[in-house]
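Engineer:
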Amino acid sequence: MTCTIYILTPGEFNIVTLGSFIGAYVVCVLVHELAHLVSFLLMRFPVVAAEICGILLLFSHRKIKVKINFSRIMLGGWILPVVKKNIVSLKQYKHYKRGFSFALIMGPVVSCVLMVFSLLINIKLKNDDIWY
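Encoded structure:
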């Protein structure tokens, strides 16, 4: 028994396919970086700046300055939290490490959840009779 999986046949690639790919990429990066940003803020790490798909957010004293650079839309994103320098005890270090690690791991975790959710929706739309 052979199973062949076709991702795209030669006739299916067109401008709509490319636009869909770019849109899906931007949504995935947006969700991934927002998961990092929200996690850092929930762990009470101040964030100095964040760039998500060409949108630069600069945080300072309860203000957010926004700069948009469309040429950087496909470069993904990054978050710049303030790194604490005056850790004097092992307890402070462990607390800091736990919060920072949590914020770092939440991007990939939320991305994987989004992937599984998207896969389930895709299966549901293609095979409507498998959901009871």
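Each residue of the sequence shown is one higher than the last, beginning at 81 in this note's numbering. Glycine included, every Cβ here is placed at the ideal spot set by N, Cα and C. As the structure is a prediction and not an experimental result, all values here were calculated from the model.
Between which residues of its own chain and residue 176 is the CB-CB distance below 7 Å, once the five residues before and five after are set aside?
Structural biologist: Counted from its first residue, the sequence shown places residue 176 at position 96. Within the same chain, and ignoring the five residues on either side of residue 176 in sequence, the residues whose Cβ sits closer than 7 Å to its Cβ are 164, 167.
Engineer: With 16 other CB atoms within 10 Å as the buried threshold, where does residue 201 fall?
Structural biologist: Looking up residue 201 in the sequence shown gives position 121. Residue environment for residue 201: exposed (fewer than 16 other C-beta atoms within 10 angstroms of its C-beta).
Engineer: Check the DSSP bridge columns for residue 140 and list the partner residues they point to.
Structural biologist: Numbered from 1 along the sequence shown, position 60 holds the residue referred to as residue 140. DSSP, once it has assigned bridges, lists 143 as partnering residue 140.
Engineer: Buried or exposed for residue 116, going by 16 or more other Cβ atoms inside 10 Å?
Structural biologist: Here residue 116 refers to the residue found at position 36 when the sequence shown is read from its first residue. Buried: at least 16 other Cβ atoms inside 10 Å.
Engineer: Whose CA, out of 110, 93, 104, lies closest to the CA of residue 187?
Structural biologist: The residue you call residue 187 lines up with position 107 of the sequence shown. The option with the nearest alpha carbon to residue 187 is 110.
Engineer: For my contact list, residue 130 and residue 155 are in at a C-beta cut-off of 8 Å; report their separation, rounded to the angstrom.
Structural biologist: Reading the sequence shown from its first residue, position 50 is the one you call residue 130. Reading the sequence shown from its first residue, position 75 is the one you call residue 155. That belief does not hold up - the Cβ atoms of residue 130 and residue 155 are roughly 13 Å apart, past 8 Å.
Engineer: Please check the pair residue 113 and residue 144, which I expect to be a contact at CB under 8 Å, by giving their CB distance rounded to whole angstroms.
Structural biologist: The residue labelled residue 113 in the question sits at position 33 within the sequence shown. The residue labelled residue 144 in the question sits at position 64 within the sequence shown. Actually they do not touch by this definition, with Cβ atoms about 15 Å apart.
Engineer: How many angstroms separate the CA atom of residue 99 from the CA atom of residue 153?
Structural biologist: If you number the sequence shown from 1, residue 99 lands on position 19. If you number the sequence shown from 1, residue 153 lands on position 73. So the two alpha carbons sit approximately 13 Å from each other.
Engineer: Give me the residue from 147, 203, 198, 204 with the minimum Cα distance to residue 104.
Structural biologist: Walking along the sequence shown from the start, residue 104 turns up at place 24. Nearest of 147, 203, 198, 204 to residue 104, Cα basis: 198.
Engineer: Would you mind working out which of 182, 189, 194 sits nearest residue 119, comparing C-alpha positions?
Structural biologist: Position 39 of the sequence shown, counted from the first residue, corresponds to residue 119. Answer by Cα proximity: 182.
Engineer: Using DSSP with H/G/I as helix, E/B as strand and the rest coil, what is residue 161?
Structural biologist: One-based indexing of the sequence shown puts residue 161 at position 81. Three-state DSSP puts residue 161 in a strand.
Engineer: Looking only at its chain, what residues have a beta carbon closer than 6 Å to the beta carbon of residue 212, apart from the 5 residues adjacent to it on each side?
Structural biologist: As a first step, residue 212 must be located in the sequence shown, where it is residue number 132. Any reading at residue 212 needs caution, since the residue's pLDDT is 47, under 50, leaving its predicted position unreliable; the model's value is listed next. None.
Engineer: Would you list the residues sitting across from residue 113 in a DSSP beta bridge?
Structural biologist: Here residue 113 is taken as the residue at index 33 of the sequence shown, counted from 1. Note: residue 113 sits in no beta bridge, so no partner.
Engineer: Given residue 106, which residues of its chain have a CB within under 6 Å of its CB, disregarding the five upstream and five downstream residues?
Structural biologist: Within the sequence shown, residue 106 is the residue found at index 26, counting from 1. Taken in chain order, the residues that qualify are 133.
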